[in-house]
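See below for the structure under consideration.
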Ligand SMILES: Nc1ncnc2c1ncn2[C@@H]1O[C@H](COP(=O)(O)OP(=O)(O)OP(=O)(O)O)[C@@H](O)[C@H]1O
Ligand SMILES: [Mg+2]
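Protein chains in written order, with this note's numbering: chain A, 180 to 455; chain B, 506 to 845.
Right, dumping it as structure tokens:
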């Protein structure tokens, strides 16, 4: 009975946090903002296109797969916006709440903290779908194409990656709060993902030590699954990756939940709830 | 854990809080550590249904106390209980039954409207869904924000934000409400309305408990049943304000308007045992063609009043008016703020 009430309350918290955070992000959303959000994918895909067609003259290692370099890059880029949601939104939400002075009000409520953070992740993920779609749309004129997509596999890659990145976001959240650092942690993480997850270059082409790093990053697996789902490769090839991604997600979220508990305790011990 | 239940709404036992701050003078200089004892073993309790005032100069430790009680800060020593629940070990339970409003413009989402803010917090507090809309409307009505309810908070004036904060503080109908300078920046009439609402509705009618900190002594005078004076992290006095005033060595002033006052009478008055000081000033006005003198007499306690009046009548002075001015909370504040 008590647990049921608690579970219902947590669901309500997830929903409320997602809803109101979407309102907060999108309230002053304008045409200019949409144009700005198209800018990054145009620049990235455009420069990749120039590199590929005019500098390397279309030469490509077989590891990139059969769908061409532009499809490879477009998918990598689309996924990158998810990392952004986790690292920059979930990873810094409490930092910003503390700066804005709302963290004391939210921490004073009896809500489940993990549910609250999950709500933030849902809002961030939904919001990043705009960028996600933008990358694919921008990619089409540059040569991005989907061959016999596997929709369920595509969706599971997104959900599982978002879940694992949520765990990573929780850990980043603890780091930004502890070290009172606004950007370095999130930026470092973004670069880590950019370089080591196979966003711009297939893992197989990377040196051995870099491949080791890529193995602990959930995005590596999510990307592989998504490429498989969109580029007409048999799904059976990624069963192992699906399992790893899921287990990794559970592990990251568990560690993240633990850091969330510890960070709250620590902030109250060290009187750091009302600092900037 | 959880066995100990207190009969008080708030019980504070030997509560201490140290702030440790380290600083470097240069980027790579030596670190120096300073410890501020913001609270030094304070103890007090608040009865159920009481409006308790925590007073004291800047930096006395009022906010620190409030933050510990609403689970936003951990004490470094001692214990505190709200409705018998330990604020550290049973924090989650405490959070359900308390809320806090602080002066200043924080604790609100600026990009959300007033109504959205309250609805959001209602969700986080798990207010019964059916009640949310009506409760939000009622609170907005109370603070006179109904018409601006659907504007973003960033467009509010300072006082409007403060009023919305008060609504946020009441959204979960807390059993114990902490108000840390709640009327900071409010105009006179709104402040008055809010004081009245807290006193009459929240405390008298609903029997809720309130801890108030304020720098406005008339506010404390008007609202509080009992007060505590904090200074330098120590609780230097606690009790009913009338009682504290009576005990205060500064004493009372009796102001008399008298006729037929002679110099001889005045000198005799000064030598009465209960009188510390007496001065006359001219008074503009007369009665039945007699000149009126204004006498201000400092006495140790209000018990001196009948003695002074008896003396005056023995000396055939006619007393036209009496005004006893006891020490105000402001006098108390000045007195206790001087103590270290
Ligand atoms: N986060 C902090 N770190 C270090 N010292 C602090 C911190 N917060 C408060 N203090 C110190 O603790 C003491 C008590 O502060 P507190 O805010 O409780 O005072 P207060 O009674 O609320 O004062 P005011 O009337 O100005 O609001 C002060 O000396 C203050 O400098
Ligand atoms: Mg204060």
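The beta-carbon is built from N, C-alpha and C at its ideal position, and this holds for glycine as well.
For clarity, every value in this text was computed on a predicted model and none was experimentally measured.
Coil, strand or helix - residue i by DSSP
i	result
residue 605(B)	strand
residue 594(B)	coil
residue 508(B)	For residue 508(B), the predicted structure reports a pLDDT of 49, less than 50, and the residue's modelled location is therefore unreliable. The matter cannot be settled from this model.
residue 787(B)	strand
residue 829(B)	strand
residue 581(B)	coil
residue 379(A)	coil
residue 454(A)	coil
residue 614(B)	coil
residue 806(B)	coil
residue 526(B)	strand
residue 518(B)	strand
residue 660(B)	helix
residue 544(B)	strand
residue 513(B)	coil
Proximity below 8 Å, CB of residue i to CB of residue j
i	j	result
residue 326(A)	residue 411(A)	yes
residue 833(B)	residue 726(B)	yes
residue 306(A)	residue 201(A)	yes
residue 761(B)	residue 800(B)	yes
residue 453(A)	residue 401(A)	no
residue 365(A)	residue 266(A)	yes
residue 435(A)	residue 346(A)	yes
residue 849(B)	residue 543(B)	Look at the range of chain B in this structure, 506 to 845, and you will see that residue 849(B) is not part of it.
residue 802(B)	residue 764(B)	no
residue 580(B)	residue 520(B)	yes
residue 653(B)	residue 619(B)	yes
residue 450(B)	residue 571(B)	Given that chain B is displayed from residue 506 to residue 845, the structure contains no residue 450(B) and the question cannot be resolved.
residue 403(A)	residue 420(A)	yes
Residue i versus the options, residue with shortest Cα-Cα distance
i	options	result
residue 811(B)	800(B), 827(B), 797(B) and 612(B)	827(B)
residue 342(A)	419(A), 272(A) and 262(A)	262(A)
residue 817(B)	772(B), 831(B) and 838(B)	772(B)
residue 251(A)	409(A), 433(A), 423(A) and 415(A)	409(A)
residue 805(B)	779(B), 729(B) and 524(B)	779(B)
residue 446(A)	221(A), 297(A) and 356(A)	356(A)
residue 683(B)	541(B), 594(B), 533(B) and 554(B)	554(B)
residue 184(A)	631(B), 650(B) and 578(B)	631(B)
residue 330(A)	366(A), 226(A), 407(A) and 237(A)	407(A)
residue 358(A)	234(A), 344(A) and 274(A)	274(A)
residue 766(B)	527(B), 514(B), 657(B) and 788(B)	788(B)
residue 678(B)	831(B), 605(B) and 738(B)	605(B)
residue 768(B)	697(B), 521(B), 785(B) and 598(B)	785(B)
residue 693(B)	706(B), 705(B) and 723(B)	723(B)
residue 668(B)	572(B), 716(B), 607(B) and 582(B)	607(B)
residue 318(A)	433(A), 444(A), 368(A) and 247(A)	247(A)
residue 660(B)	569(B), 521(B) and 617(B)	617(B)
residue 239(A)	384(A), 215(A) and 415(A)	384(A)
residue 741(B)	728(B), 525(B) and 547(B)	547(B)
Cutoff 8 Å: residue i Cβ touching any chain A Cβ
i	result
residue 762(B)	no
residue 529(B)	no
residue 672(B)	no
residue 665(B)	no
residue 734(B)	no
residue 625(B)	yes
residue 597(B)	yes
residue 604(B)	yes
residue 550(B)	no
residue 575(B)	yes
residue 506(B)	Note that residue 506(B) scores a pLDDT of 46, beneath 50, so its modelled location is shaky; the value from the coordinates is reported in the next line. With 8 Å as the cut-off, residue 506(B) does not count as an interface residue toward chain A.
residue 620(B)	no
Cutoff 8 Å: residue i Cβ touching any chain B Cβ
i	result
residue 271(A)	no
residue 296(A)	no
residue 233(A)	no
residue 191(A)	yes
residue 290(A)	yes
residue 180(A)	no
residue 323(A)	no
residue 303(A)	no
residue 440(A)	no
Are there three or more Cβ pairs, one per stretch, closer than 8 Å when the segment 422 to 441 of chain A is compared with the segment 378 to 389 of chain A? Touching, no, given that fewer than three Cβ pairs across the two stretches are closer than 8 Å.
May I ask you to list, following chain order, the residues of the segment 197 to 217 of chain A that have a beta carbon less than 7 Å from some beta carbon of chain E? The chain inventory of the structure shown lacks chain E, comprising the protein chains A and B.
Hey, is the segment 274 to 294 of chain A in contact with the segment 622 to 639 of chain B, meaning 3+ C-beta pairs nearer than 8 Å? yes
When the Cβ atoms of the segment 539 to 547 of chain B are set against those of the segment 696 to 712 of chain B, are three or more pairs found closer than 8 Å? no
Given 8 Å, three or more beta-carbon pairs between the segment 510 to 517 of chain B and the segment 547 to 565 of chain B: yes
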